[in-house]
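Participant: For reference, the structure I am asking about is given below.
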Amino acid sequence: MRAPAPRIALLLVVLAVAPLFLPSFFLQLLTEIAIIGLFATAFNFLMGFGGMVSFGHAAYFALGAYTAALLVKRMDVPMLLALAVAPLVAAAGALLFGFFIVRLTHTYFAMLSLAFGQIVFTVIFKWKALTGGDDGLLDVWPPGVLRSPVAFYYFALAVVGLCLLALHAIVDSPFGYALKATRENPRRARFIGIDVRRHQLMAFVVSGAFSGVAGGLFAFYNGSVFPDFAYFTKSFEPLVVALLGGIHSFLGPLAGAFGFKVLEWLISRQWPVYWPLFLGAVVIAVIVALPQGFVGLVEGRAWMRRPGKS
Amino acid sequence: MDATAGQKLTPRAEVRSGRRPAALGVAPAEADERLVLHARGLKKHFGGVQAVNGVDLAVAAGELRAIIGPNGAGKTTLFNVLSGDLALDAGRIDLEGQEVSGLPPHQLCRRGMGRTFQITSIFRRLTALDNVQTALLTHHRRHFNIFAPARRLHRDEAQALLERVGLGEQAGKPSGILAHGDQRRLEMALALASAPRLLLLDEPTAGMAPRERHEIMQLVARIARDTGLTIVFTEHDMDVVFAIATRITVLHQGSVIAEGPPAEVRANPEVQRVYLGQPAMPR
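Heads up: the sequence lines are chains E and R, in that order.
Sequential numbering of the first sequence, starting at 0, is according to numbering that gives the first Met the number 0.
Sequential numbering of the second sequence, starting at 0, is according to numbering that gives the first Met the number 0.
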């Protein structure tokens, strides 16, 4: 779990000087990678560390995105304040839905999270007066200087970086230790005094809140929000990204987001229609040959050992 | 067990449970402060099978109580209802004079009950040290703390606990790769981390070599003596049982058929009858 410090320092330096030599298209790509990486890391906080696979995480991403967009568009709230409120609304949604979802396990957990996700989608889709329905909300651009891709790149990187630090601290906190215990063995966890459901609910809320930050950032990055942010296909994005990168490593989902977006760009440029086919092949290849994900390539030959029981 | 066996079993068992207090001279005490565990009329059935059928159990402070009985006697089910893992059909459980019937496991743990399982139950992908540290963090009620780094908290205490069960050298290893006997010891350390006053051990030596069995049970006895811990355990190895138990309860088809000091239980004709065809009781 310890992050290899020199590598991270090098990465930060590269990211910091990237605007000097990268055209703005790639800065935007990196910005999107950072945002999706945060979303997938928040998602994987539940899956990798809590053993809970949510199929409806787009709901909290969309709650964050729509909260930010609505506050700016309808109430003229400054962008920073809107970004700060986004995770609160997403967390409230996660608390409400999570209360029911954590009562179930495995497939039922996944199905109920999917159902709540579709409820959020339907509300956004149908509530035209508030959300604009299918048309979405347009013209949600950041104010002033942040409008430039370079400035927004630095801004998004800073926010994502802070969120990742916070999530990493939570993973390494007593709460994180107990969360891993509930993942490993819920029954044993109960018998060392952990109220497993309450713990899972709190993890769900934390995950929802950081997904909300990602959603809020994405609204300003994209300049618009649409109902399909909450659609179930969007919920599979962090799942695929986390699987590609490696779910047993904190930085795995970030690596996965990078691989996912770069591959998407490379493939879509040549054969736009075949991207999903190619993605499917990559996912299968990674699951079969690289169960530790992309980070398995970096972290020595750890991928030779299967992550299974004992 | 099929349904007919369950039906046959019920009337006999009821006769026994009705007769037992007088026969064994156990007074049906009201909430007694000296009793660490006091269970009355516990019942649990699975479909037509009455797995636990009106069991009374009174365990005094400092006892090393063995619960024995043939396979299918209801020992594990009894443990599971005592520890809140299974809901009771009927009955009442007092822990240190306070009613705890129906409380979930994590609350029982808070009130001083620890347990281990027949099939080793640990956090397999965490190191031995992290296993115990997590239990200690929870015991000290820090497990909702999201701000402090956990790495150093209660680390020495965890190491000391591992040493006490003989795992000092294994602290840094993922617990899933430890030898079977060491995993049993680790589970014991997990149960001890919450500083229980009552420890339920469900076949603590299951799957161990004979010599190792005696070692681990002597460890249990030593810990009980050092800390004043009360222990209730099940065990198949009669050598082990008669070597360390201070009192023995015999369970048969979901009911208590005998209870007393080891010598008395060994001499009990009904116990001998039930154990016919089972490994002979040691002299």
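Beta carbons are placed, not taken as given, at the ideal position from N, Cα and C, and that holds for glycine.
Computed from a predicted model, the values in this text were never measured in an experiment.
1. Classify R:Leu125 as buried or exposed, calling it buried when 16 or more other Cβ atoms lie within 10 Å of its own Cβ.
2. Of the residues that make up the region 210-227 of chain R, which ones have a beta carbon closer than 9 Å to any beta carbon in chain E?
3. Check for me: the beta strand (DSSP E) holding R:Ser254 runs from which residue to which?
4. Figure out for me which residue from R:Arg91, R:Pro203, R:Ser82, R:His235 has the closest Cα to the Cα of R:Ala220.
5. Could you tell me which of E:Gly207, E:Leu29, E:Gly295, E:His56 sits nearest to E:Phe259, measuring between CA atoms?
6. Counting along the chain, where does the alpha helix (DSSP H) carrying E:Ala51 start and finish?
7. Determine whether the Cβ of R:Thr248 lies closer than 8 Å to any Cβ atom of chain E.
8. Assign E:Ser23 to one of two classes, buried (16 or more other C-beta atoms within 10 Å of its C-beta) or exposed (fewer than that).
9. Does E:Ile32 pass the burial test, meaning 16 or more other C-beta atoms within 10 Å, or should it be called exposed?
10. E:Asn221 to E:Ala17, Cα distance in whole Å?
11. E:Val285 and E:Leu250 look like a contact to me (Cβ under 8 Å); what is the Cβ gap, rounded to whole Å?
12. Are the region 177-186 of chain E and the region 261-270 of chain E touching by the rule of at least three beta carbon pairs closer than 8 Å?
13. If you count every other CB in all the chains shown that lies within 10 Å of the CB of E:Gly49, and 16 or more means buried, which is it?
14. Considering Cα atoms alone, identify which of R:Ala59, R:Ala60, R:Gly61, R:Phe78 is closest to R:Ile67.
15. Does any residue of chain R have a CB that is nearer than 8 Å to the CB of E:Gly50?
16. Less than 8 Å separating the beta-carbons of E:Ala208 and E:Ala93?
17. Would you mind stating whether E:Pro237 and E:Gly135 have Cβ atoms separated by less than 8 Å?
18. For R:His153, which three-state DSSP category applies?
19. Can you have a look at E:Pro56 and say buried or exposed, based on whether 16 or more other CB atoms are within 10 angstroms of its CB?
20. Helix, strand or coil, according to DSSP, for R:His44 in the structure here?
21. Locate the alpha helix (DSSP H) running through R:Met187, then write down its first and last residues.
22. Could you please give me the residues that DSSP links to R:Arg91 through a beta bridge?
23. Rounded C-beta distance between R:Glu95 and R:Val48? I'm assuming under 8 Å.
24. Measuring alpha carbon to alpha carbon, tell me which residue in E:Trp126, E:Arg187, E:Asn43 is nearest E:Gly245.
Facilitator: So, from the listed chains and residues:
1. buried
2. none
3. 254-259
4. R:Pro203
5. E:Leu29
6. A small fix is needed here, since residue 51 of chain E is Met in this sequence, not Ala. Here E:Met51 belongs to no alpha helix (DSSP H), and DSSP marks it neither H nor E.
7. no
8. Of the residues assessed, E:Ser23 falls on the exposed side of the cut-off, its CB having fewer than 16 other CB atoms within 10 angstroms.
9. buried
10. Rounded to whole angstroms, the separation of the alpha carbons of E:Ala17 and E:Asn221 is 21 Å.
11. Not a contact, Cβ separation roughly 16 Å.
12. With the cut-off at 8 Å, the region 177-186 of chain E and the region 261-270 of chain E do not touch.
13. buried
14. R:Phe78
15. E:Gly50 is outside the set of residues whose beta carbon lies under 8 Å from a beta carbon in chain R.
16. yes
17. no
18. DSSP places R:His153 in coil when its eight states are reduced to three.
19. In the sequence on display, residue 56 of chain E carries His and not Pro. By the C-beta density criterion, E:His56 is buried, having at least 16 other C-beta atoms within 10 angstroms.
20. Assigned with DSSP and collapsed to three states, R:His44 falls in strand.
21. That run of the alpha helix (DSSP H) goes 179-192.
22. Answer is R:Arg39.
23. Wrong, their Cβ atoms sit about 32 Å apart, outside the cutoff.
24. E:Asn43
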